[in-house]
Amino acid sequence: MFPVERQQKIIDLLMVKKVLKISELTEELKISVDTLRRDLNLLTKQGKIEKIYGGVKLIEARFGESTIDERMVSHINEKEVIAQKCSELIYDGDCIFIDSGSTTYQIAKYIKNKKKLTVVTNSIPVVLELINSDVELIIIGGKVRHNEQSVVAYDYLFNFSELNIVKAFICTSGITIEKGISDYNLEEANTRKKMIELSKEIYVAADSTKFGKNVTIGIASLDKIHYIITDQNVNKNLIDAFKKTNTSLIIAKF
Numbered sequence: 001m002f003p004v005e006r007q008q009k010i011i012d013l014l015m016v017k018k019v020l021k022i023s024e025l026t027e028e029l030k031i032s033v034d035t036l037r038r039d040l041n042l043l044t045k046q047g048k049i050e051k052i053y054g055g056v057k058l059i060e061a062r063f064g065e066s067t068i069d070e071r072m073v074s075h076i077n078e079k080e081v082i083a084q085k086c087s088e089l090i091y092d093g094d095c096i097f098i099d100s101g102s103t104t105y106q107i108a109k110y111i112k113n114k115k116k117l118t119v120v121t122n123s124i125p126v127v128l129e130l131i132n133s134d135v136e137l138i139i140i141g142g143k144v145r146h147n148e149q150s151v152v153a154y155d156y157l158f159n160f161s162e163l164n165i166v167k168a169f170i171c172t173s174g175i176t177i178e179k180g181i182s183d184y185n186l187e188e189a190n191t192r193k194k195m196i197e198l199s200k201e202i203y204v205a206a207d208s209t210k211f212g213k214n215v216t217i218g219i220a221s222l223d224k225i226h227y228i229i230t231d232q233n234v235n236k237n238l239i240d241a242f243k244k245t246n247t248s249l250i251i252a253k254f
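Those letters in the sequence shown? Residues 1 to 254, by UniProt numbering.
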């Protein structure tokens, strides 16, 4: 197991139990105390865990769903190259869905000059980015999530079945081969499920930190996802593993 995989395993274990003894971790991970201490020192420096007497605990404030403002500035280079790659897959005349999220928001910056493009979105930042362009905008009606700057749909307001959405660009908080894509918020997840159902091609735009995580709410299994667009920092073992699935992994390079 690579150090980064081991460190993620430590976090995953702490997400379940919150506090673990050193002896529990060495036994679970089958590693020496010295190797474990190196991992724990790194995770402590990153602010992800806190050392306590005889063990470690999760710093819970750093987990769960961060705000859209926090995510707008994290991993920005990766998100921009992913967005550029997504924009190359959007053509004049398309009707597309752009999800709420910091990665999909970046797509809006690169499609302003597309001709006869229709964008369906639940993202207020996407609307503000495209409001002065020639792109036709359709915004989902529903409740505004202030922290996320998004609109989450309710069934009685969601009437887009007549739209011919060619491509949906979806965000996610977690991706695993076994469970597919997942998110922290039920309302966001339900909106994404609906757009996946309505759209012909499904693209998940997610930086490499999202892989290996299965968070609170399941959105869709991989068999419903046609493409995942990510950055070049994704683990090579994952690239090989995705070759055995029907979901194409597209690597956006710097």
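Every residue, glycine too, gets a C-beta built ideally from N, C-alpha and C. Computed from a prediction, not measured in an experiment: that's the story for all the values here.
Asked	Found
Nearest to residue 119 (by Cα), restricted to the options 245, 81, 136 and 112	136
Element boundaries [beta strand (DSSP E), containing residue 201]	201 to 205
Span separating the alpha-carbon of residue 63 from that of residue 196	The predicted model places residue 63 with a pLDDT of 49, which falls under 50 and marks its position as unreliable; any figure quoted below should be read in that light. Each residue's alpha carbon lies about 27 angstroms from the other.
CB-CB length for residue 183 against residue 215, believed under 8 angstroms	6 angstroms
Candidates 79, 165, 13 and 95: closest to residue 109 by CA position	79
CB contact flag (residue 229, residue 247, <8 angstroms)	no
Candidates 222, 231 and 20: closest to residue 242 by CA position	222
Residue 20 classed as buried or exposed, judged by whether at least 16 other C-beta atoms fall within 10 angstroms	buried
Beta-carbon proximity of residue 239 to residue 180, cut-off 8 angstroms	no
Element boundaries [alpha helix (DSSP H), containing residue 26]	22 to 29
Contact check, residue 130 vs residue 116, beta carbons under 8 angstroms	no
Which residues DSSP lists as bridging residue 118, in chain order	95 and 136
Span separating the alpha-carbon of residue 106 from that of residue 134	17 angstroms
Min CB distance residue 111 to chain B below 8 angstroms	Although the question refers to chain B, the structure presented lacks it and comprises just one protein chain.
Where the beta strand (DSSP E) through residue 58 begins and ends	55 to 58
Bounding residues of the beta strand (DSSP E) (the contiguous stretch that carries residue 105)	Element bounds for residue 105: not the beta strand (DSSP E) but the alpha helix (DSSP H), 102 to 109.
Span of the beta strand (DSSP E), counted from its first residue to its last, around residue 223	Element bounds for residue 223: n/a, residue is neither H nor E.
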